[in-house]
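Report on the following structure.
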Amino acid sequence: QKEVEQNSGPLSVPEGAIASLNCTYSDRGSQSFFWYRQYSGKSPELIMSIYSNGDKEDGRFTAQLNKASQYVSLLIRDSQPSDSATYLCAVNIRTDKLIFGTGTRLQVFP
Amino acid sequence: DGGITQSPKYLFRKEGQNVTLSCEQNLNHDAMYWYRQDPGQGLRLIYYSQIVNDFQKGDIAEGYSVSREKKESFPLTVTSAQKNPTAFYLCASKGAYEQYFGPGTRLTVT
Numbered sequence: 261q262k263e264v265e266q267n268s269g270p271l272s273v274p275e276g277a278i279a280s281l282n283c284t285y286s287d288r289g290s291q292s293f294f295w296y297r298q299y300s301g302k303s304p305e306l307i308m309s310i311y312s313n314g315d316k317e318d319g320r321f322t323a324q325l326n327k328a329s330q331y332v333s334l335l336i337r338d339s340q341p342s343d344s345a346t347y348l349c350a351v352n353i354r355t356d357k358l359i360f361g362t363g364t365r366l367q368v369f370p
Numbered sequence: 042d043g044g045i046t047q048s049p050k051y052l053f054r055k056e057g058q059n060v061t062l063s064c065e066q067n068l069n070h071d072a073m074y075w076y077r078q079d080p081g082q083g084l085r086l087i088y089y090s091q092i093v094n095d096f097q098k099g100d101i102a103e104g105y106s107v108s109r110e111k112k113e114s115f116p117l118t119v120t121s122a123q124k125n126p127t128a129f130y131l132c133a134s135k136g137a138y139e140q141y142f143g144p145g146t147r148l149t150v151t
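Residue numbers (our numbering), protein chains in the order written: chain S, 261 to 370; chain H, 42 to 151.
Here's what the structure looks like:
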């Protein structure tokens, strides 16, 4: 079992819809969880971090964490074509390293 | 203007040559990281350093070397011992909790 798992996609949603990206992790001791956005040919950009159970909202983005289910998700409201990218989930297994999922490719079509 | 810089953006080398990739940060971060990204794969950790004059191997350190003589700088050398060096190399630094990436260096070895 991989330490951090994501569906590779592509996830296709129409413009204006809600995109829901999911991630599961194996280490119950994980404390910190991050979502990065990576456009094709570019480096990852941190868009959300979450540390406690529940929801955290930032603009059109909402991160959701459920430690009991070992599940973290990212919701993107009012999806735009500019949101089309690969979204990487990352989990802090120990304080010094992040473990990354392989990413979910999101396509938002007009 | 704070951030992480990597140079060069593109690098071409012949097989058998060592090459050094530069990474500099002015964020006053203690921890720095090197990752490799191959098409369709996640980020794989090569080396990381939590403090000056100290560094640890990541998951794929064979064929690579690093140094950390200054807090701001964490250069990566890709040696001729690395079997498949062609990849996108990403440097990152971490503050209290969050890790940020530089723009990356795309290395092609022929």
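Even for Gly, the Cβ is constructed at its ideal location relative to N, Cα and C.
Compare the C-beta of residue i against all C-beta atoms of chain H and say whether one is closer than 9 Å.
i, result
"residue 304(S)", "yes"
"residue 363(S)", "yes"
"residue 348(S)", "yes"
"residue 352(S)", "yes"
"residue 296(S)", "yes"
Let's test the definition: count the other Cβ atoms within 10 Å of the Cβ of residue i and tell me whether it reaches 16, buried, or not, exposed.
i, result
"residue 80(H)", "exposed"
"residue 124(H)", "exposed"
"residue 300(S)", "exposed"
"residue 77(H)", "buried"
"residue 361(S)", "buried"
"residue 323(S)", "buried"
"residue 53(H)", "exposed"
"residue 266(S)", "buried"
"residue 145(H)", "buried"
"residue 284(S)", "buried"
"residue 370(S)", "exposed"
"residue 51(H)", "exposed"
"residue 82(H)", "exposed"
"residue 342(S)", "exposed"
Return the residue from the list the options that minimises the CA-CA distance to residue i.
i, options, result
"residue 296(S)", "281(S), 329(S), 274(S), 367(S)", "281(S)"
"residue 288(S)", "341(S), 335(S), 352(S)", "352(S)"
"residue 73(H)", "53(H), 108(H), 55(H)", "108(H)"
"residue 291(S)", "267(S), 367(S), 326(S)", "326(S)"
"residue 2(H)", "52(H), 104(H), 99(H), 112(H)", "Because residue 2(H) is not part of the residues shown, which for chain H are 42 to 151, the question remains open."
"residue 92(H)", "321(S), 298(S), 331(S), 356(S)", "356(S)"
"residue 279(S)", "334(S), 308(S), 306(S), 313(S)", "334(S)"
"residue 104(H)", "87(H), 82(H), 62(H), 83(H)", "87(H)"
"residue 364(S)", "314(S), 343(S), 270(S)", "270(S)"
"residue 294(S)", "274(S), 264(S), 273(S)", "264(S)"
"residue 119(H)", "142(H), 95(H), 75(H)", "75(H)"
"residue 349(S)", "274(S), 305(S), 272(S)", "305(S)"
"residue 273(S)", "354(S), 358(S), 336(S), 359(S)", "336(S)"
Distance cutoff 9 Å, beta carbons only. Does residue i sit that close to anything in chain S?
i, result
"residue 140(H)", "yes"
"residue 143(H)", "yes"
"residue 72(H)", "yes"
"residue 44(H)", "no"
"residue 83(H)", "yes"
"residue 91(H)", "yes"
"residue 97(H)", "yes"
For the beta strand (DSSP E) holding residue i, just list the boundary residues, first then last.
i, result
"residue 309(S)", "305-310"
"residue 109(H)", "Careful: residue 109(H) lies outside any beta strand (DSSP E) and carries neither H nor E."
"residue 354(S)", "345-354"
"residue 318(S)", "314-318"
"residue 61(H)", "60-66"
"residue 278(S)", "Looking at the DSSP string, residue 278(S) is not in any beta strand (DSSP E), and its letter there is neither H nor E."
"residue 326(S)", "321-326"
"residue 128(H)", "128-135"
"residue 72(H)", "72-78"
Return yes when at least one heavy atom of the ligand ATP lies under 8 Å from the C-beta of residue i, else no.
i, result
"residue 334(S)", "Looking for the ligand ATP in the displayed structure turns up nothing, as the structure carries no ligands at all."
Rounded to the nearest angstrom, how far is the Cβ of residue i from that of residue j, given a contact under 8 Å?
i, j, result
"residue 148(H)", "residue 64(H)", "With a Cβ gap of about 13 Å, residue 148(H) and residue 64(H) do not count as contacting."
"residue 57(H)", "residue 121(H)", "5 Å"
"residue 339(S)", "residue 276(S)", "7 Å"
"residue 68(H)", "residue 143(H)", "Between residue 143(H) and residue 68(H) the Cβ distance is about 11 Å, and since that is not below 8 Å, they are no contact."
Would you please verify whether the beta carbon of residue i is less than 9 Å from any beta carbon of chain A?
i, result
"residue 358(S)", "Among the protein chains in the structure shown, which are S and H, there is no chain A."
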